[in-house]
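**Student:**
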Amino acid sequence: MKLISFTVPCYNSAAYMHICIDSLLTGGDRVEIIIVDDGSSDETGAIADAYAAKYPDTIKVIHQENGGHGEGINQGLKHAQCPYFKVVDSDDWVNAVALQHVLNRLEALEESGGVDLVVCNYVYEHDDRSLLSTIRYKNVFPENKVIGWEETGKFRPDQYLTLHSAIYRTEVIRQSGIVLPKHIFYEDNLFVYAPLPLTKKLLYLNEDLYRYLIGREGQSVSEQVMMKRCSHQIEIAQRIFDLHDLNVISKENPKLGRYMYHEACFMLVIATVFTRLNRTKESERQLKAMWEHCYQSDPIMARKMRYNLLNFATNLPGSLGRSLGLKGYWLAHKIVQFN
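Throughout the sequence shown, residue numbering follows numbering that gives the first Met the number 0, covering 0 to 338 in sequence.
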């Protein structure tokens, strides 16, 4: 039984995509692999086609004009045929043993209707293959037990659900109606956030499934690139702020609402930090416009998030705010060592 549709967005990934695809192939006939060639100018498309020819029952290839990472996810979701859906970036990979354990558990659960969201651990690895840190969720979710949000614990300040940790039920994502923007980076945060109100049954598997490569030159999470693309951070933070009414969600499901506030607030912090570090008049103008937008959209929630301790500190005017933003960045870097 095919269980998980893995989508692999690829743009000029010829040098390393085989590591990702080979790791997914260890799932055998229980996985579907959708490779999206996002208008690559190297041999990415040809490599993808060769894989599809060799594994026609497992791999399908979509060739598209360049639309960015988000459009790759959109197309993967459109063509996915399995009960569960996961994105794996072309420079990342999955652990073969952990994948088998996850597939075994999902297969057993399908008889009872499955779950809406599966959470697994992920591991930061440098491009020299040195292990940096593992992100786990044992303090938030009981292990290997189907629960609702009311049974979850509290997320630490450095803990978030990410593209790397989340496996959604395909139908849940489709019901959310999320369509990711083209040519905008960091849209994966929007992808993870949008379906959350539809998740009723959760499962945490204490498996180090996803291996997240960091340190590759030009990577979207490198410090210099994030500063350069701070307008993308602002765009995504605004979309997340606008997407759901957290006041309504918090009344219906307090723990879910608390987590979604935690996530939305953090996205505003990240947008603020990298905009302040950019140190240009244009970036400061964009940051001001972001907060004006939030106040117009929901003034009470905007004020609550603006005066959250981290946001308040990083939004202070002038050199003091930039200094606190820099300290906040290095604290985050120390916690997760993300580049």
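We put the beta carbon where it would ideally sit given N, CA and C, even for glycine.
Computed from a predicted structure; not experimentally measured.
Going by DSSP, which residues form a beta bridge with Phe84?
**Tutor:** Phe84 pairs with Ser4 and Tyr167.
**Student:** Per the DSSP calculation, Ser39 is bridged to which residue(s)?
**Tutor:** Partner(s): none; Ser39 has no beta bridge.
**Student:** Below 8 Å, can you find three or more Cβ-Cβ pairs linking the stretch 62 to 70 to the stretch 163 to 182?
**Tutor:** The stretch 62 to 70 is in contact with the stretch 163 to 182.
**Student:** Which residues does DSSP pair with Arg210 in a beta bridge?
**Tutor:** Answer by DSSP bridge pairing, in chain order: Trp92 and Val122.
**Student:** Among the residues of its own chain, which have a CB less than 7 Å from the CB of Met266, if the five just before and after it don't count?
**Tutor:** Here the set comprises Asn188, Ile235, Ala236 and Ile239.
**Student:** Is it right to say Lys77 is buried, meaning 16 or more other beta carbons lie within 10 angstroms of its own, or is it exposed?
**Tutor:** Flag for Lys77 reads exposed.
**Student:** One question on the structure: do Leu116 and Tyr167 come within less than 8 Å of each other, judged by their Cβ atoms?
**Tutor:** Yes.
**Student:** Under the rule that 16 or more other beta-carbon atoms within 10 Å means buried, what is Asn103, buried or exposed?
**Tutor:** With fewer than 16 other Cβ atoms within 10 Å, it is exposed.
**Student:** Following the continuous beta strand (DSSP E) through Lys137, name the residue where it begins and the one where it ends.
**Tutor:** Neither: Lys137 is in no beta strand (DSSP E) and is coded neither H nor E.
**Student:** Do you know offhand how far Met300's Cα is from Thr151's?
**Tutor:** Each residue's alpha carbon lies about 23 Å from the other.
**Student:** Find out if the Cβ-Cβ distance for the pair Ser4, Cys119 is shorter than 8 Å.
**Tutor:** Their beta carbons are not under 8 Å apart, which means Ser4 does not touch Cys119 by this criterion.
**Student:** Taking a contact to mean a Cβ-Cβ separation below 8 Å, would you say Val7 touches Ile46 in this structure?
**Tutor:** Contact flag unset, no.
**Student:** Secondary structure at Tyr203, three-state DSSP: helix, strand or coil?
**Tutor:** Correct three-state label for Tyr203: strand.
**Student:** Rounded to whole angstroms, what's the CA-CA distance from Tyr159 to Tyr258? Just pull it up for me.
**Tutor:** Their Cα atoms are separated by approximately 9 Å.
**Student:** For Asp241 and Ser175, which I take to be in contact (beta-carbon distance under 8 Å), what is that distance rounded to the nearest angstrom?
**Tutor:** Their Cβ separation, rounded to whole angstroms, is 14 Å, which puts Asp241 and Ser175 out of contact at 8 Å.
**Student:** If you draw a straight line from the C-alpha of Leu286 to the C-alpha of Arg135, how long is it?
**Tutor:** Leu286 and Arg135: Cα-Cα distance of roughly 32 Å.
**Student:** How is Glu291 classed by DSSP in three states: helix, strand or coil?
**Tutor:** Note: Glu291 maps to helix in three-state DSSP.
**Student:** Out of Lys250, Thr274 and Gly75, which one is the CA nearest neighbour of Tyr83?
**Tutor:** Comparing Cα-Cα distances from Tyr83 to each of Lys250, Thr274 and Gly75, the minimum goes to Gly75.
**Student:** Pick out whichever of His292, Ser12 and Asp21 has its Cα sitting closest to the Cα of Glu42.
**Tutor:** For the residues His292, Ser12 and Asp21, the minimum Cα distance to Glu42 belongs to Ser12.
**Student:** Can you list, in chain order, the residues of its chain with a C-beta nearer than 8 Å to that of Met0? Leave out the 5 residues immediately preceding and following it.
**Tutor:** Closer than 8 Å at Cβ, skipping near neighbours: Arg29, Glu106 and Glu109.
**Student:** State the Cα-Cα distance for the pair Tyr121 and His261, rounded to the nearest angstrom.
**Tutor:** If you take the alpha carbons of Tyr121 and His261, they lie about 20 Å apart.
**Student:** Pick out whichever of Lys137, Gly38 and Ala165 has its Cα sitting closest to the Cα of Arg155.
**Tutor:** Of the candidates Lys137, Gly38 and Ala165, the one whose C-alpha sits nearest the C-alpha of Arg155 is Lys137.
**Student:** My guess is that Gly44 and Asp36 are in contact by the Cβ rule of under 8 Å, so how many angstroms apart are they, rounded?
**Tutor:** Contact holds; Cβ gap of about 4 Å.
**Student:** Tell me where the alpha helix (DSSP H) around Ile72 begins and ends.
**Tutor:** First-last of the alpha helix (DSSP H) with Ile72: His68 to His78.
**Student:** Round the Cβ separation of Val171 and Thr133 to the nearest angstrom and send it over; I've been treating them as touching at under 8 Å.
**Tutor:** Going by Cβ atoms, the distance from Val171 to Thr133 rounds to 26 Å, so no, they are not a contact pair.
**Student:** How is Glu106 classed by DSSP in three states: helix, strand or coil?
**Tutor:** Helix, per DSSP.
**Student:** Sort Val191, Asn277 and Tyr10 by Cα distance to Lys85 and report the nearest one.
**Tutor:** Here the closest residue by C-alpha is Val191.
**Student:** Looking at the unbroken beta strand (DSSP E) that takes in His62, where does it start and where does it end?
**Tutor:** Run containing His62: Ile58 to Gln63, per the beta strand (DSSP E) assignment.
**Student:** What is the DSSP secondary structure of Tyr114, counted as helix, strand or coil?
**Tutor:** Note that residue 114 is Val in the sequence shown, not Tyr. Of the three classes helix, strand and coil, the one that applies to Val114 here is coil, per DSSP.
**Student:** For Ile248, does the three-state DSSP call read helix, strand or coil?
**Tutor:** Reduced to three states, the DSSP call for Ile248 is helix.
**Student:** Taking 8 Å as the cut-off, decide whether the C-beta atoms of Val114 and Leu23 are in contact.
**Tutor:** Cβ distance not < 8 Å, so Val114 and Leu23 don't count as in contact.
**Student:** So what's Val178 in DSSP terms, helix, strand or just coil?
**Tutor:** Correct three-state label for Val178: coil.
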